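In the numbering used here, the protein residues as written are 5 to 206.
Report on the following structure.
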């Protein structure tokens, strides 16, 4: 949901990603995993999406197995510890204007993806999510396939006026985008063919 929300509210980002897809993959097939390294702007969208709206803003709680001291703080054995993922990904020292969805922040001055490919939403250290590679590949392929075939736009009312997008998220250990309406418009007849072919074969 956060991906669709980001695309609806940032159409210039959507267009730039589609231009990259068209130039790199073409319009005769859907993107696949072999294209990932050749699509840096889409990769930046992926990184920014999980930085901007981490689905687990407080991470997964853990329990200390022994007494510990961290930055001068004593943490006794048996303490439940939360890693504040959202605070890390919204650190203004690392990410200026952190509430802004801005894939460009993941590029260097010479236009290349920076070397910081950490996705804190998956956790870190020995307790990092064991399914992160599957999750990453699945999310990336969904993003690439949708952008290759659809324009994602604001919904319209009965008079043809654009309906403003609900910006609210749920609170709690899991943060989800609250429902909102939007339009998925096939980008071309070829896109329709690719969609229908995928439905037949999967």
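Every residue, glycine too, gets a C-beta built ideally from N, C-alpha and C.
The model shown is predicted, which means the values in this text are computed figures rather than measured ones.
{"Asked": "When you compare each of 87, 191, 184, 81 to residue 131 by their alpha carbons, which one comes out closest?", "Found": "87"}
{"Asked": "Roughly how many angstroms lie between the CA atoms of residue 28 and residue 42, to the nearest whole one?", "Found": "7 Å"}
{"Asked": "Going by beta carbon distance, what residues of the same chain come within less than 6 Å of residue 48, once the five residues before and after it are set aside?", "Found": "107, 110"}
{"Asked": "Which first and last residues belong to the beta strand (DSSP E) in which residue 155 is found?", "Found": "154-158"}
{"Asked": "Anyone know if the C-beta pair for residue 148 and residue 46 falls short of 7 Å?", "Found": "yes"}
{"Asked": "Residue 11 and residue 156 look like a contact to me (Cβ under 8 Å); what is the Cβ gap, rounded to whole Å?", "Found": "4 Å"}
{"Asked": "Once you ignore the five residues that flank residue 96 on each side, which residues in its own chain have a CB closer than 7 Å to its CB?", "Found": "102"}
{"Asked": "Please state if the CB of residue 160 and the CB of residue 166 are separated by a distance shorter than 7 Å.", "Found": "yes"}
{"Asked": "According to DSSP, simplified to helix, strand and coil, what is residue 124?", "Found": "helix"}
{"Asked": "I'd like to check one pair, residue 58 with residue 89: are the Cβ atoms closer than 7 Å?", "Found": "yes"}
{"Asked": "Can you give me the Cβ contacts of residue 8 inside the same chain, cut-off strictly under 7 Å, excluding the 5 residues immediately before and after it?", "Found": "156, 186"}
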